[in-house]
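Chains as they are written, first to last, in my numbering: chain A, 118 to 425; chain B, 11 to 356; chain C, 2 to 335.
Data first, discussion second: the structure below is written as structure tokens.
Below is the structure:
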């Protein structure tokens, strides 16, 4: 399938294969690109699977409700380091809610109910202290939201607060802190652009830079899992491409879950794709399989643009 | 199959029944895991919040108890009478009348002037330097203490040529009368009325003005028949806020109203004589009957204070009702509303 | 914002009535401006003799203020000096003490209360607290004074001022319930509502995205408030403080009732007793000395005090304007 062209509309008569709800094993190959296409994107798609795939979180029959509405119904998924998991689906499919439940942001809304279990490294996340959990599972939001501070302070924020929470005193720029900030900025691919003045206000950066700053900020504390809620939807194509490259590069060190309504982006970036519709997990599998040989009719319809 | 192309997928299977592990209304972040400093701050916040409620409750209950203990219906109809047994004699009919008169004069002057000024600031604004100066001057006026306004008023009204406003010979009067007090009171209410009207005019969408001009109306007519009616609730709430400030003021009354026990008219013309005369209002009555004044009849002070408080609270409730009628939306609206509702400052 | 001024009415026939109206309203604006300027000028002119006689020592200390005022009324000059001799330091010090203490106390309490109101209070408590604050703002100052002089002052006199304490300063001043502590406490309660209102509205205006971002990074609610919300809202809190200072400075009646009426410069070196010493702020002095105000040296002195208050209020107004500039960023008009 040509990675640059959207998936063609298909009409296949029957839905023969069973619902693949069980987690997929690491696929043997990511599928060779067919047809012409941009070199860099093809390079992404033909990248080898990660050497080490480590399960970080497990979502186990989770259902979430706001008031009387069940927004997410009985979803089970693994979240693995070394892989990018994309949650796709139309609006209202519950993918954002599911994402936010992974770091317990859903608790902020009153009247939210849940059932099922979400575990991180084997422990239920609701037994952990919520701020500890959120340091291990970081989130980047749709709209870049850098704090009204300098770039350095933004990236150092989580680290400084962690230090204070553990009883340390507020310190100025120690060398360790500076190193950690530089590290995070490099991983986010922003360091070269801002290195000459880290004390500039973060609000002066461009949209793409701000989003990369938010990613750096999320990475600075060394999380195990990175959650991305439609991170590129507010950005221009060039920033989007930069961030997508970033995401693929990060998957070795951090488990990544990305919610996106952009199917091409999911195709470019994800190793595993979970398609949700009206709260249910319709299909889960390696991205090549879900996009090229979807097992369920609904998946086919969504991918081919019949609704959305 | 074929239907799938056009209609969305059929409704999914019914929701799974919540199992025993369902947690409704998950708890908010537990503060027990916070460091000590953060916990102390959290408890301090709670303490101040509850403390404020307690203080307000204490004030209201105290005034309620004392007021009801000492309030008699006869107080409303009797005039203050000088006598040795202050706690039994006399009432506060005169002070109540005094309050009403001073408020009426002050509002009658401040309301039209304030609205006109705000309309000029909003719709004309020429020359620009004059507009900016007037705005700054009104803002400054809002911050001037009422005692300074009072002594300024005294200075002005004790000049000979203004003696007609109060009792006094041509060479200079004492400068104390209802007229004088009312006029200076209008300066108290003016900034509030100008502020409320100006804000409201700024919020009126331009298309209203454009529509009116397009119909060939002059600016004056537009202001009079389109803009002012549109912001009537804001003007009303500004005026009521001004009234509240006037009613609650003691300094101007004590200095410019003579603080005589009864309302003493000057000369024999019925209404004008009374207005040129001296008198008292509820506020100066409370002050005079408290240990700080001369009367030292604290029962009457409590009773009068209770009546005063009820009047002010009723006005306050009125303001709330008026400004709830039209709400500017969103964050800015909330900020504007919070600030407009305070009778202090602006 | 001021679009009205830019719109042009169309018809030519109305132009004349418009011109008339504009001239009239312009005249009104000029009148108001002249009136306010006149107020400043006349107060300063009437105050000038007192300042010119005493010079800058007007603000200094020297002798008992109450005696000086009494002698001025009686027409007998203080030994060796003219009738206008006046050293206002105890009054100025009293004003500074009550204002600054009340504002500081009010700042801390109002910030905590505003944080409570916007972040921690459950919805039913918030619904109660809103009208409570409005109620506190609406109470006239004479009622605060009444409660102070009839309830709070006697209580403080009975329970907080021991006889030993009274004895320790009896040779200088008599201690009773009307003192700095009572005055400061009630003044704080008077300025709290306005500060809480402005601070709370500024805290609500902080973008939710920042607070959510901070929570998502694992920072607890208090630290988020401290490092994000309060840091963003501080210009509003500063503006509220300036407004409250102006209010506290100009408070005359309540302070006249509860602050003690003795022109005594409360001495911090007295330790805790310092809080229970009487003070006499400028505004309260003007109020108390308002008999026979227009003639003689007393008048000049009183107007001089008024001039000091006027100039302070104007400077605070300017300070308030300066502090409000950063607020425009968030669209808060304060």
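Heads up, the beta-carbon is just placed ideally off N, CA and C, and yes, glycines get one too.
Please read all numbers here as calculations on a predicted model, not as lab measurements.
{"Asked": "Based on DSSP bridge pairs, tell me the residues matched to residue 186 of chain A.", "Found": "A/183"}
{"Asked": "Helix, strand or coil for residue 343 of chain A per DSSP?", "Found": "strand"}
{"Asked": "State the beta-bridge partners of residue 373 of chain A as determined by DSSP.", "Found": "A/201 and A/343"}
{"Asked": "To which residues of the same chain is residue 52 of chain B closer than 6 Å at the C-beta, ignoring the five residues directly before and after it?", "Found": "41"}
{"Asked": "At what residues does the alpha helix (DSSP H) containing residue 235 of chain A begin and finish?", "Found": "Per DSSP, residue 235 of chain A belongs to no alpha helix (DSSP H); it is in the beta strand (DSSP E), 229-237."}
{"Asked": "For residue 265 of chain C, which three-state DSSP category applies?", "Found": "coil"}
{"Asked": "Might you give, ordered along the chain, the residues of its own chain that have their beta carbon closer than 8 Å to the beta carbon of residue 173 of chain C, omitting 5 neighbours on each side?", "Found": "265"}
{"Asked": "What ranges does the alpha helix (DSSP H) occupy inside the stretch 283-323 of chain A, keeping only unbroken runs of at least 4 residues that lie completely in it?", "Found": "292-304 and 308-311"}
{"Asked": "So with CB distances below 7 Å, who are the chain B contacts of residue 282 of chain A?", "Found": "45"}
{"Asked": "Verify the CB distance criterion: does residue 454 of chain A have a CB-CB separation below 7 Å to chain C?", "Found": "Any question about residue 454 of chain A goes unanswered here, given that chain A covers just 118 to 425."}
{"Asked": "Please list, in chain order, the chain B residues whose beta carbon lies closer than 9 Å to that of residue 235 of chain C.", "Found": "In chain order: nothing, as chain B lies at least about 15 Å away."}
{"Asked": "Can you tell me whether residue 200 of chain A is buried or exposed, with buried defined as 16 or more other CB within 10 angstroms of its CB?", "Found": "buried"}
{"Asked": "Report the option in A/365, A/401 and A/269 whose CA atom is closest to the CA atom of residue 311 of chain A.", "Found": "A/269"}
{"Asked": "Contact between the stretch 373-381 of chain A and the stretch 313-331 of chain A: three or more CB pairs below 8 Å?", "Found": "no"}
{"Asked": "If we count Cβ pairs, one from each stretch, closer than 8 Å, do we get three or more for the stretch 169-177 of chain A versus the stretch 224-239 of chain A?", "Found": "yes"}
{"Asked": "Quick one: give me the first and last residue of the beta strand (DSSP E) that residue 389 of chain A is part of.", "Found": "389-394"}
{"Asked": "Within the same chain, show all residues whose beta-carbon is closer than 6 Å to that of residue 119 of chain B, passing over the 5 residues directly before and after it, in chain order.", "Found": "196"}
{"Asked": "Per DSSP, what kind of secondary structure is residue 403 of chain A in: helix, strand or coil?", "Found": "strand"}
{"Asked": "Please report the distance separating the alpha-carbon of residue 258 of chain B from that of residue 345 of chain A.", "Found": "57 Å"}
{"Asked": "Please compile the residues from chain B whose C-beta is within a distance smaller than 9 Å of the C-beta of residue 215 of chain C.", "Found": "In chain order: nothing, as chain B lies at least about 12 Å away."}
{"Asked": "Taking a cut of 7 Å between CB atoms, which residues from the stretch 219-253 of chain A lie near chain B?", "Found": "224, 227, 228, 229, 230, 231, 232, 246 and 247"}
{"Asked": "Per DSSP, what are the beta-bridge partners of residue 249 of chain A in this structure?", "Found": "Answer by DSSP bridge pairing: none, since residue 249 of chain A is not bridged."}
{"Asked": "Between which two residues does the beta strand (DSSP E) containing residue 210 of chain A stretch?", "Found": "Run containing residue 210 of chain A: none; DSSP gives neither H nor E here."}
{"Asked": "In angstroms, rounded to a whole number, what distance separates the CA positions of residue 197 of chain C and residue 213 of chain B?", "Found": "25 Å"}
{"Asked": "On the CB-based measure, 16 or more other CB atoms within 10 Å of its CB, does residue 338 of chain C come out buried or exposed?", "Found": "Residue 338 of chain C lies beyond the stretch modelled for chain C, which goes from 2 to 335, so this question has no answer here."}
{"Asked": "Are the C-beta atoms of residue 262 of chain C and some chain A residue less than 7 Å apart?", "Found": "no"}
{"Asked": "For the alpha helix (DSSP H) that contains residue 306 of chain C, what are its first and last residues?", "Found": "297-325"}
{"Asked": "Leaving out five residues before and five after residue 105 of chain B in sequence, what residues of the same chain have Cβ atoms less than 6 Å from its Cβ?", "Found": "290, 291, 292 and 295"}
{"Asked": "At the 7 Å Cβ level, is residue 84 of chain B part of the contact set with chain C, yes or no?", "Found": "no"}
{"Asked": "Label residue 336 of chain C either buried or exposed according to how many other C-beta atoms from any shown protein chain fall within 10 Å of its C-beta, with 16 as the threshold for buried.", "Found": "Missing from the structure shown is residue 336 of chain C; chain C here goes from 2 to 335 and no further."}
{"Asked": "Residues of chain C with CB under 9 Å from residue 348 of chain A, in chain order?", "Found": "Near residue 348 of chain A there are no residues of chain C at all, since even the closest Cβ is about 13 Å away, more than 9 Å."}
{"Asked": "Name, going along the chain, the residues of the stretch 389-403 of chain A whose beta-carbon falls closer than 7 Å to a beta-carbon of chain C.", "Found": "none"}
{"Asked": "Do we get a CB-CB distance below 7 Å when we pair residue 174 of chain B with the residues of chain C?", "Found": "no"}
{"Asked": "What's the gap between the Cα of residue 268 of chain C and the Cα of residue 333 of chain B?", "Found": "48 Å"}
{"Asked": "I'd like to know whether the C-beta atoms of residue 397 of chain A and residue 217 of chain A end up nearer to each other than 7 Å.", "Found": "no"}
{"Asked": "Compare the C-beta of residue 206 of chain C with all C-beta atoms of chain A and state if any pair is closer than 7 Å.", "Found": "no"}
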